[in-house]
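Residue numbers (my numbering): 169 to 347. Don't be surprised by glycine CBs; every beta carbon is placed ideally from N, CA and C.
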Amino acid sequence: MTAAADVALFSLGLFTWTFVEYVIHGFMSHVYRTFVTPLHAAHHRDPHAVFTVGAWMPLALVTAIILFASGFCPASIFWLGIMAGFVTYEIEHYRIHFARPACEYEARLRLHHLAHHRAAPTACFGVTTRFWDRIFASEPERARMAAMEAAIAATEPLTGPTNARLALRPWILIRGPHF
C-alpha cells in the first residue's frame, strides 16, 4: 500500500470515530437505556467522573493484540485511526470541562457540550464535532442554540481531580504503589 492509502485509511478511521462517539453519547447514553446509560448519568451528575475510564485499558490491549497479530495492515491502520479519534475525544472532553479553550474551534465545542450538560441533555451529542448533530438534527435551532451558548459562555472550567486515575489502577497494581 502507498503512504497516501495509509493516510486515507487512518483518516477514515478518525471520521468513523466521530460517528461511534455520536452513537455512544447520543443513542447509547441518552436515547436508549443501555449499559452505558448509568455510567454517563454519573458524568452528568458530576462532570469530574470520566465515564469512559473503564475503556482505556481494554482498548489499549486490543490495539496491542491487533498490531502484534497483523502489523500495520490496512485494517490495523483503520483501527489506529479510530483509536486516535478516541484519544482525541478523551483529551478534548477533558479540556472542555477543565481548561480554557485554546482556539476558537475548541471554544465552540466547549459551548456546544456545556449546552448539552446544562440545558439540552437530549440534544448536542457530538463532543469532538457537531457534524452528526447537524446530520441527525439533534442540535437545537440556531436561535435556541445561541441563547443556550450565551447563558453558559462565562462558565469557568472545573477544578479538582477526575476519576481518570482509576484507569491507571491495573498498572499501579502491577508496578506497585510508587508508580
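When DSSP states are grouped into helix, strand and coil, Leu-326 belongs to the coil group. Taking every protein chain shown into account, the CB of Glu-260 has 16 or more other CB atoms within 10 angstroms, so this residue is buried. Shown here, Ala-237 sits in a helix according to DSSP, grouped into three states. Exclusion of the five residues before and after Ile-192 leaves Val-204 as the residues of its chain whose Cβ lies within less than 8 Å of its Cβ. Distance between Arg-278 and Ala-321, taken at the CA atoms: about 9 Å. Nearest to Ala-176 by C-alpha distance, out of Ile-250, Val-295, Ala-283, Glu-272, is Ile-250. Trp-247 is the residue among Glu-324, Trp-247, Ala-314, Phe-293 whose C-alpha sits nearest the C-alpha of Leu-235. Three or more beta-carbon pairs separated by less than 8 Å are not found between the stretch 309-317 and the stretch 255-275, which leaves the two stretches without contact.
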